[in-house]
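Notes to accompany the following structure.
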Amino acid sequence: MKLGLQLPQGADTGRARDLAAIARRAEDIGYSSLWAYERVLFPAQPADGMYGVPGLLPWDPYYEHCADPLTVLTLAAAHTDRVRLGTCVLVAPLHGSLHLARALATLDVATGGGRVVAGLGAGWSTDEYRAAGVDFATRRRATDEMADALRALWGPNPVTYRDSTIDITDAAVNPKPAGPIPIVFGGATEPAFRRVAKRGDGWMAVGITGDTLAAGHRRITDLAEAEGRDPATLSLLLVAIVYLSPTPAGPTRMPFQGNLDQVLDDLSAAAKAGADEVILSIDRGPERATGFSDRAGELYEAVRSAGLLA
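Counting in this note's numbering, the sequence shown runs from 3 upward without gaps.
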């Protein structure tokens, strides 16, 4: 199992100098990848609970100051040489496919190729969709269209492609990525699983147990086989939202919350479930900016010492 790290995107760690230092240190520590997520606004009175769960309010203040993910990854790219750079995830329908295709391809070319991963999702906030002028009801279809459009736009010139949002005839669309950019999808619903099985290069789960991860993986495997695809070609990623405490958490704890032994147990369960990579999100507790790289280093060493890294 590989280990990735979600970069801090809050107001207290959003300066270019901080991100540059954090990205360099993460690569030196041994992390395989760096990631950034997307929230485009923070409503005072949200129409939806977090993650679309009714009543899960208020939203975590963590979401209030979220720097643009592609800008964050560009800053990280300028100060690293090896790590992959991915989104975990972009709310796909809030982006224009032509613009996003060119932005991701530019980042891929600028980093030498093979380092960019496009994590996409349909999102869950009606407030975000309303602000962007996008129909929330069409989000699943729009996410499917986005993946199809990206691959067409990254393909050979001249490009001819039409869907509900773009109409291109016999045109050069540049730059092209140096190599195929993997598209992985978030979500843990049946439509999300079908999207991975039909269109994806992998599934990106968030904050779930090893048992739930394994069950989702089995479902995607079955769906991929029904589509005539080889499930072994689909990667399995998990974002682990880590809250470390000095003492053990109780029996009702959420995954990746508790003391170090409990978090390591959860990571071991993810590895046994078949996770190819776990992305650590450690920027959510008190004093998030202080000592971020030190915490990232200590946790990486603990995971390595536990024998969980490939």
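We treat Cβ as the ideally placed atom computed from N, Cα and C, and that holds for glycine.
Residues sharing a beta bridge with residue i, DSSP
i, result
"residue 259", "245"
"residue 88", "37 and 119"
"residue 4", "279"
"residue 21", "None; residue 21 has no bridge partner."
"residue 93", "123"
"residue 266", "DSSP, once it has assigned bridges, lists no residue as partnering residue 266."
"residue 9", "Residue 9 pairs with nothing; no bridge assigned."
"residue 240", "207 and 280"
Residue burial classification, residue i (beta-carbon count within 10 angstroms, cutoff 16)
i, result
"residue 219", "buried"
"residue 11", "buried"
"residue 120", "buried"
"residue 58", "exposed"
"residue 63", "exposed"
"residue 345", "In this structure the chain extends from 3 to 312, so residue 345 is not present and cannot be described."
"residue 1", "This structure leaves residue 1 out entirely; the chain is present only between 3 and 312."
"residue 117", "buried"
"residue 86", "buried"
"residue 89", "buried"
"residue 172", "exposed"
Proximity to residue i [Cα-Cα], best of the options
i, options, result
"residue 55", "247, 217, 189 and 105", "189"
"residue 73", "51, 18, 239 and 183", "18"
"residue 262", "45, 275, 255 and 248", "248"
"residue 253", "227, 264 and 97", "264"
"residue 161", "146, 147 and 178", "178"
"residue 61", "21, 230, 47 and 70", "47"
"residue 6", "129, 309, 301 and 308", "301"
"residue 130", "311, 294 and 45", "45"
"residue 244", "282, 310, 211 and 272", "282"
"residue 75", "95, 108 and 43", "108"
"residue 182", "203, 191 and 175", "203"
| Which full runs of the alpha helix (DSSP H) of 4+ residues lie inside the segment 150–237, going along the chain? | Correct list: 192–201 and 212–228.
| query | Can we say the segment 102–116 touches the segment 127–143, given the rule of at least three CB pairs closer than 8 Å? | reply | The segment 102–116, when compared against the segment 127–143, does not touch it at the 8 Å Cβ threshold.
| query | Looking at C-beta atoms only, is the number of pairs between the segment 256–272 and the segment 187–202 that lie closer than 8 Å three or more? | reply | no
| said: With three or more C-beta pairs closer than 8 Å as the rule, is the segment 78–85 touching the segment 39–53? | reply: Counting Cβ pairs under 8 Å, fewer than three are found: no touch.
| said: Does the structure place the segment 149–165 close enough to the segment 220–232 that three or more beta carbon pairs sit under 8 Å? | reply: no
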